[in-house]
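Residue numbers (my numbering), protein chains in the order written: chain A, 915 to 1448; chain B, 5 to 160.
Beta carbons are placed, not taken as given, at the ideal position from N, Cα and C, and that holds for glycine.
Here is the structure we will look at, set down as structure tokens.
Structure, rendered in structure tokens:
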């Protein structure tokens, strides 16, 4: 395939062979301030990573609490750390747990403990956190739509372990609005933003160290978005979340500091760095100018990077090690707060301990051997990067305006426009890959025969996990006061139907030993449950 | 048009594209494409469906919890092709279930295909179960289209 005339960024922004001072002549560098100054284009901290490195938040989880703890222990012993040496556990649940389906339900068959940990009732949570010092351990539980119930379980388990609820640290995903980018059943968009706001209200009033929301550009990117769409839709998601919180009567500066982002770092190195700089500048500007935030922390976009899973190839999987390393370096140059590096086998399944260690080591090599983390915004001032940051921002603002014209993000999701935009872009990209216009090494160029025996080792979940999980939840249900469970679930239903404040009754339901699936069934029946499509 | 299933209703899936009347009127290949409800990965399925529609086929998209729902959809739609997109494993168990239920429903003469992240070593085992074709990562949609055209006769 001949080179096409002209060059473009991954999102389609025209590129020049070189950039000059005149390409940034009409911009005022002073308006970006220094690192740590509004609007935070150049990063959140003037000290770069010299006070503390970014958090190494490797996604982990498989089987039940016991198998998951084994992975946690491995990664801790291999040096996985958060800020100031804290433990950080980015625990992913299996798909039934994410969807609020208990392991004893027929729909869960074949999925229990696969691709994540099975978590369906309070005792699972007790076993997950037992022995960890909750003052120095962060738990980010990658839930799907169960985030309110999962948070209630964490609070109750922590209280039982002798902590005050207000001591827990970590992150709710709270990405309930994800139906437009994740093809799982979900709460409908309007219910989703309301429920998200409910979680934020509870955490704002009770959990000072809890990060309430992980606004997920990553999920949007993996669903087909380019960098500009990822940026615009992420911001629109954040705006919709803020509006739902304001409707609940919360004050912007009380809850905005605990909103955070999960963003992809994809292949187009400079465009991705530009995207992250533009995200910080746009978020700060929107918070300050549109929502009147005054607290500096409200305006700071804290970013967790997930290196981009969809850049990883099945073919010649070792090549993925190189892709992930480049993406990790880019994320650090962009000044992010936290990183998950994909294992090179993530294009197939969750990693073996060795594959997982190599992913962690990639971050540790960038941290200790490149000297890059010593200086904030090391690429700032590049004619190219500054120009590209402006171009990405301009294109994202244009998309945001289009969303506003459609009545906001929720309305744009409901109309099918958001999903349609993502599908059009994924078709465009895949056509370019099929035509060889976008090169994917090993897939459409430099292909070679690969013997099946040369494939990497595969992670396996012991087959008895499913029956073990069923046995545990059956036993749990057998040893409880069923009348108390029924009363608690009835209270959840009444509060939900009245559109009232849910977290107190969810906590009561967990204390009464209701399972996650039982509580979720009530919420699903009241708030709606299904797929948005187009 | 976008919509949500109502509260409490079982979602068995909806057509992704309403079939447009083809420029060349006549019988069209009908493909029921299933994706596990728990499998969040829909990029591959959507790309393939777009290409099948462009090739003049009718596609019906089902998110199934149990293969019974996929089989029921295939019966209702009188599908020529029953396809599954699987990216989160479990394909051996699901394929075995599917073929058993499909035989009970009298669908054994249809074309059964699976795509997604399917390890090479599993391909022969899937063929043994009665799956006609397995399309692994990186398969070009044109190869799938031509495979279907070669193997499906649409009666006038």
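Can you tell which of the options has its C-alpha closest to the C-alpha of residue i?
i, options, result
"residue 935 of chain A", "A/1063, A/1295, A/1281 and A/1416", "A/1295"
"residue 126 of chain B", "A/1401, A/1369, A/1420 and A/1412", "A/1369"
"residue 1133 of chain A", "A/1179, A/1215 and A/1115", "A/1179"
"residue 977 of chain A", "A/1340, A/1381 and A/1406", "A/1381"
"residue 1194 of chain A", "A/1283, A/1051 and A/951", "A/951"
"residue 1416 of chain A", "A/1025, A/1342 and A/1437", "A/1437"
"residue 1223 of chain A", "A/1247, A/1248 and A/1177", "A/1177"
"residue 1084 of chain A", "A/957, A/1097, A/1192 and A/996", "A/996"
"residue 1139 of chain A", "A/1409, A/1396, A/926 and A/1358", "A/926"
"residue 1079 of chain A", "A/1242, A/1011 and A/1421", "A/1421"
"residue 1429 of chain A", "A/921, A/1018 and A/1297", "A/1018"
"residue 90 of chain B", "B/131, B/72 and B/38", "B/38"
"residue 942 of chain A", "A/955, A/1046, A/1175 and A/1213", "A/955"
"residue 1108 of chain A", "A/1423, A/1433 and A/1413", "A/1413"
"residue 1165 of chain A", "A/1239, A/1111 and A/1345", "A/1111"
"residue 1291 of chain A", "A/1192, A/987, A/1237 and A/1359", "A/1192"
"residue 123 of chain B", "B/158, B/88 and B/95", "B/95"
"residue 1376 of chain A", "A/1347, A/1237, A/981 and A/1021", "A/981"
"residue 1435 of chain A", "A/1409, A/1425, A/1403 and A/1383", "A/1403"
"residue 92 of chain B", "B/79, B/119, B/153 and B/112", "B/119"
Is residue j closer than 8 Å to residue i when the C-beta atoms are compared?
i, j, result
"residue 1270 of chain A", "residue 1007 of chain A", "no"
"residue 1013 of chain A", "residue 949 of chain A", "no"
"residue 1205 of chain A", "residue 1156 of chain A", "yes"
"residue 1094 of chain A", "residue 1333 of chain A", "yes"
"residue 36 of chain B", "residue 74 of chain B", "yes"
"residue 66 of chain B", "residue 77 of chain B", "yes"
"residue 107 of chain B", "residue 1340 of chain A", "no"
"residue 1055 of chain A", "residue 1015 of chain A", "no"
"residue 1232 of chain A", "residue 1255 of chain A", "no"
"residue 133 of chain B", "residue 103 of chain B", "yes"
"residue 1281 of chain A", "residue 967 of chain A", "yes"
"residue 874 of chain A", "residue 1352 of chain A", "Residue numbering for chain A in the displayed model covers 915 to 1448; residue 874 of chain A lies beyond these limits and cannot be assessed."
"residue 1162 of chain A", "residue 1126 of chain A", "no"
"residue 1317 of chain A", "residue 1150 of chain A", "yes"
"residue 1219 of chain A", "residue 1252 of chain A", "yes"
"residue 130 of chain B", "residue 99 of chain B", "yes"
"residue 1181 of chain A", "residue 1128 of chain A", "no"
"residue 1323 of chain A", "residue 1215 of chain A", "no"
"residue 1217 of chain A", "residue 1190 of chain A", "yes"
"residue 1061 of chain A", "residue 1091 of chain A", "no"
"residue 111 of chain B", "residue 149 of chain B", "no"
Going along the chain, which residues of its own chain have a beta-carbon closer than 7 Å to the beta-carbon of residue i, five neighbours each way excluded?
i, result
"residue 916 of chain A", "Only weak support exists for where residue 916 of chain A lies, its pLDDT of 40 falling under 50; the value from the coordinates is given anyway. Counting only Cβ-Cβ distances below 7 Å, and skipping sequence neighbours, we find nothing."
"residue 992 of chain A", "1271 and 1274"
"residue 979 of chain A", "1031, 1038, 1041 and 1042"
"residue 1199 of chain A", "953"
"residue 1065 of chain A", "1086 and 1113"
"residue 1029 of chain A", "1008, 1009 and 1264"
"residue 1208 of chain A", "1167"
"residue 156 of chain B", "33, 84, 85 and 115"
"residue 1187 of chain A", "1244, 1247, 1248, 1293 and 1299"
"residue 892 of chain A", "One cannot answer for residue 892 of chain A here, as it falls past the ends of chain A, which runs 915 to 1448."
Return the first residue and the last residue of the alpha helix (DSSP H) that residue i is part of.
i, result
"residue 1270 of chain A", "1267-1283"
"residue 38 of chain B", "It is not in any alpha helix (DSSP H) - residue 38 of chain B instead sits in the beta strand (DSSP E) that spans 34-40."
"residue 1303 of chain A", "1297-1319"
"residue 1105 of chain A", "1103-1120"
"residue 1242 of chain A", "1233-1247"
"residue 75 of chain B", "71-81"
Ordered along the chain, which non-local residues of its own chain (more than five positions away) have a Cβ less than 8 Å from that of residue i?
i, result
"residue 26 of chain B", "With a pLDDT of 47 at residue 26 of chain B, under the threshold of 50, the modelled position of this residue cannot be trusted; read the value that follows with caution. So the list reads 32 and 60, once near-sequence residues are dropped."
"residue 1268 of chain A", "1371"
"residue 1082 of chain A", "1048, 1053, 1068, 1069, 1072, 1121, 1123 and 1124"
Closer than 6 Å by C-beta to residue i: which residues in its own chain qualify, once you throw out the five before and the five after it? Chain order, please.
i, result
"residue 1169 of chain A", "1114, 1118 and 1159"
"residue 24 of chain B", "Bear in mind that a pLDDT of 49 at residue 24 of chain B, under 50, signals an unreliable position, so the model cannot answer this."
"residue 116 of chain B", "86, 135 and 136"
"residue 1310 of chain A", "1142, 1145 and 1146"
"residue 940 of chain A", "none"
"residue 1051 of chain A", "1001"
"residue 145 of chain B", "52 and 55"
For the beta strand (DSSP E) that residue i lies in, which residues bound it at each end?
i, result
"residue 1084 of chain A", "1083-1086"
"residue 1128 of chain A", "1127-1130"
"residue 67 of chain B", "62-68"
Inset, instruction - May I have a chain-ordered list of the beta strand (DSSP E) segments no shorter than 3 residues that lie completely inside the segment 91-155 of chain B? - result: Here the runs fully enclosed are 115-120 and 137-139.
Inset, instruction - Can you check the segment 969-1032 of chain A for any beta strand (DSSP E) of at least 3 residues that lies completely inside it and give the ranges in chain order? - result: Taken in chain order, the unbroken stretches of beta strand (DSSP E) that lie wholly in the segment 969-1032 of chain A and span 3 residues or more are 1001-1006.
Inset, instruction - Can you check the segment 1159-1206 of chain A for any beta strand (DSSP E) of at least 3 residues that lies completely inside it and give the ranges in chain order? - result: Secondary structure remark: continuous beta strand (DSSP E) runs of at least 3 residues inside the segment 1159-1206 of chain A, in chain order: 1173-1179.
Legend entry - Whole runs of the alpha helix (DSSP H) within the segment 1050-1086 of chain A, excluding any shorter than 4 residues: Qualifying alpha helix (DSSP H) stretches, in chain order: 1061-1074.
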